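Student: Would you mind keeping the following structure in view while I ask a few things?
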Amino acid sequence: MTIRKILIANRGEIALRIVRACRDMGIESVQAYSSADKDSLPVQLADASVEIGGPQASESYLKGEEVIEAAKRMGADAIHPGYGFLSENPEFAESCVSAGLTYIGPQASVIRVMGNKAAALSFAIEADVPVTPGSNGPVVDPAVAADIARQIGFPVLIKASAGGGGRGMRVVGAEAEVRDALEGASHEALVAFGSGEVYVEKYLEAVRHIEVQVFGDGKKVIHMGERDCSVQRRNQKLVEESPSPGISPKLRDQLTAAACRLAARVGYQSAGTVEFIVDTDTQQFYFIEMNTRIQVEHPVTEEVTGLDLIKEQIRLAAGEPLCLEQEDIRFTGHAIECRINAEDPEAGFMPRPGVIKEFVVPLGPGIRVETHVYPGYVLPPYYDSLLAKVIARGQTREEAIMRMRRALDEFKVSGVPTTIDFHKRLMVEPDFIAGEVHTRFVKEKMWAGHKLQHML
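Going by the working numbering, the letters in the sequence shown line up with residues 239 to 694, in that order.
In structure tokens:
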């Protein structure tokens with residue numbers, strides 16, 4: 239199968255990233271956009287563009303039927319969903335195929351099962367992948383949830399089966415809290431994801447968040463190493479790096495092998511990420527979920543492998559087999575990514591849309607910037623607050639950190655508050671430099687005693 243024209247059903251930096259991959263491959267690109275994004279850089283740089291609706295995502299980027307009609311109208315033969323929006327919607331993937339379009343992602347059946355955390359846990363168990371002790375399935379009865387919590391020990395986590403980003407999630411420290419937490423998590427999950435299904439698992443307080451990048455062609459699965467995503471606030475990633483500074487070579491081998499087993503078990507085809515938590519005390523790891531799409535932080539992996547993950551996605555969607563064997567993947571150096579958001583850290587990381595007045599990106603050896611922003615750009619209030627991703631690469635982690643410090647010093651933005659200064663603080667934080675971080679690190683170490691700590 240030959241892909242000649244791709245409609246990009248996304249926005250921002252990931253849309254521009256796909257435009258550039260298409261151009262490198264000699265494939266025409268069509269940028270779908272909302273009325274709020276008509277002046278965006280992806281619209282300006284794509285070969286063609288088409289408006290698909292109003293400024294709210296529900297009026298445009300989440301309207302699958304309109305996206306598909308736009309693709310057909312523009313003569314596209316494939317759709318790339320990027321991340322977020324429709325990227326993990328199995329019905330959309332099915333509709334693309336039914337309309338005669340190539341969906342650049344895994345099979346709808348795989349998206350459906352791996353997008354349901356309870357079902358994904360069952361597949362993980364079948365693939366002999368360690369899972370966090372818990373219900374391993376949906377729970378609706380508070381009495382059943384309380385019984386499971388007593389068996390595995392408090393604290394426990396009640397989590398949405400169909401979602402992420404910390405929504406539909408409650409930490410429960412005592413039996414008396416179970417009923418309210420179950421009802422609250424279920425209601426929040428229903429509003430956010432359209433499903434109120436939740437499950438129970440053991441809550442581990444000091445953990446690393448490690449994810450493994452996998453690729454499959456339906457017959458073979460390989461990995462492209464791991465990324466450490468432990469620096470977070472409110473379950474949202476702030477910094478990612480590869481390789482992880484906190485795991486041993488033996489543990490790395492175990493994690494990547496487990497990720498490949500799970501992906502192989504479901505016959506995975508496309509790019510995907512298998513996510514784990516690692517107990518910092520015992521070094522035991524547990525599967526938490528699989529993201530059936532490209533990740534925001536994919537450039538980190540590209541920098542240490544020299545591969546273009548978007549191009550690999552497109553080749554697999556075109557029906558090409560994986561042309562790489564595991565031994566062909568070479569890991570060189572260290573890469574760190576900082577997400578620069580239009581947020582005010584001193585106001586609990588509150589998003590602040592507005593007009594970008596000054597925007598000077600850093601350059602120089604080892605620095606890569608992924609952004610859709612330019613001076614005069616109006617940052618819409620309807621979407622996430624990501625302005626840019628700064629990726630620093632070095633022969634060592636120490637060199638990557640030094641280069642990131644330089645890049646952050648050079649990065650100049652005015653018109654909206656940003657998280658640049660927060661990242662500057664992070665890059666000189668002794669525990670971060672030592673690689674001794676976990677998912678509560680920002681709250682407990684960098685924000686300890688801060689008046690807004692409760693907002694983290």
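Quick reminder that beta carbons are idealized off the backbone N, C-alpha and C, glycines included.
Quantities reported herein were computed from a predicted structural model and do not represent experimental measurements.
By the DSSP assignment, the beta strand (DSSP E) with histidine 461 in it spans what residues?
Tutor: 459 to 471
Student: Please return the same chain residues whose Cβ sits closer than 7 Å to the Cβ of histidine 536, not counting the five positions on each side in sequence.
Tutor: For histidine 536, where only same-chain residues beyond five positions count, the Cβ hits under 7 Å are Leu547.
Student: Within a Cβ cutoff of 7 Å, which residues of the same chain sit near aspartate 315, ignoring the five residues on either side of it in sequence?
Tutor: Ile241, Arg242, Lys243, Leu339 and Thr340
Student: Cβ atoms of lysine 595 and proline 613: under 8 Å apart, would you say?
Tutor: yes
Student: Measuring CA to CA, which of Ile396, Glu540 and Gly343 is closest to isoleucine 552?
Tutor: Gly343
Student: Pull up the distance between the alpha-carbon of isoleucine 256 and that of glutamine 389, whole angstroms please.
Tutor: 47 Å
Student: Let me know the beta strand (DSSP E) ranges lying completely inside the segment 330 to 416, each 3 residues or longer, listed in chain order.
Tutor: 394 to 398 and 407 to 410
Student: How far does the alpha helix (DSSP H) with isoleucine 252 in it extend, from its first residue to its last?
Tutor: 250 to 263
Student: With a threshold of 7 Å on Cβ separation, who are the neighbours of serine 399 within its own chain once the five nearest residues in sequence on each side are excluded?
Tutor: Asn354, Lys355, Ala356, Pro376, Ser433, Glu435, Val436 and Tyr437
Student: Per DSSP, what are the beta-bridge partners of isoleucine 448 in this structure?
Tutor: Asp466 and Phe514
Student: Assuming serine 480 and arginine 465 are in contact, meaning their beta carbons sit under 8 Å apart, how far apart are those beta carbons, in whole angstroms?
Tutor: Taking C-beta atoms under 8 Å as the contact rule, serine 480 and arginine 465 qualify, at a distance of about 5 Å.
Student: Among the candidates Ser424, Thr570, Glu558 and Ser272, whose CA atom is the shortest distance from the CA of valine 378?
Tutor: The shortest C-alpha separation from valine 378 is found at Ser424.
Student: Hey, how far is the Cα of phenylalanine 323 from the Cα of isoleucine 532?
Tutor: 12 Å
Student: Is it right to say leucine 420 is buried, meaning 16 or more other beta carbons lie within 10 angstroms of its own, or is it exposed?
Tutor: buried
Student: Could you tell me which residues DSSP puts in a beta bridge with aspartate 647?
Tutor: Per DSSP, none; premise fails for aspartate 647.
Student: With a floor of 3 residues, list each beta strand (DSSP E) that falls wholly inside the segment 262 to 287, ordered by position along the chain.
Tutor: 266 to 272
Student: Can you name the start and end residues of the alpha helix (DSSP H) that histidine 536 belongs to?
Tutor: 536 to 543
Student: Using DSSP with H/G/I as helix, E/B as strand and the rest coil, what is leucine 324?
Tutor: In the three-state DSSP reduction, leucine 324 falls in the coil class, being neither helix nor strand.
Student: Reducing DSSP to helix, strand and coil, say where isoleucine 485 ends up.
Tutor: Of the three classes helix, strand and coil, the one that applies to isoleucine 485 here is coil, per DSSP.
Student: Looking at the strands, I want to know which residues DSSP matches up with methionine 528.
Tutor: DSSP lists Val512 as partners of methionine 528.
Student: Alpha carbon to alpha carbon, how far is glutamate 575 from valine 452?
Tutor: 19 Å
Student: Closest by CA to methionine 642, which one among Val651, Ser652 and Arg631?
Tutor: Nearest option by C-alpha distance: Arg631.
Student: Does the Cβ of valine 666 have 16 or more other Cβ atoms within 10 Å, making it buried, or fewer, making it exposed?
Tutor: exposed
Student: Is the Cβ-Cβ distance between arginine 258 and serine 278 less than 8 Å?
Tutor: no
Student: List the DSSP bridge partners of cysteine 576.
Tutor: Val477 and Val628
Student: Which residue comes first and which comes last in the alpha helix (DSSP H) that contains glutamate 550?
Tutor: 547 to 555
Student: Which term fits proline 619, buried or exposed, when burial requires 16 or more other beta carbons within 10 angstroms of its beta carbon?
Tutor: exposed
Student: Can you tell which of Phe597, His447 and Glu674 has the C-alpha that lies nearest to the C-alpha of lysine 650?
Tutor: Of the listed residues, the one whose Cα sits closest to lysine 650 is Phe597.
Student: Considering only their Cβ atoms, is the gap separating arginine 577 from leucine 476 smaller than 8 Å?
Tutor: yes
Student: Does the count of Cβ pairs from the segment 599 to 607 and the segment 663 to 683 closer than 8 Å reach three?
Tutor: no
Student: Looking at leucine 554 and methionine 528, is the spacing between their C-beta atoms short of 8 Å?
Tutor: no
Student: What residues in its chain sit with their C-beta under 6 Å from that of alanine 337, if we drop five residues either side in the sequence?
Tutor: Ile306
Student: Mark aspartate 275 as exposed unless 16 or more other C-beta atoms lie within 10 angstroms of its C-beta, in which case mark it buried.
Tutor: buried
Student: Mind reading off the beta-carbon distance from valine 449 to leucine 395? Whole number of angstroms is fine, and I expect it under 8 Å.
Tutor: Looking at the sequence shown, residue 449 is not valine but glutamate. That pair is no contact at about 18 Å.
Student: For leucine 300, which three-state DSSP category applies?
Tutor: coil
Student: Who are leucine 245's beta bridge partners in DSSP?
Tutor: Val268 and Ile317
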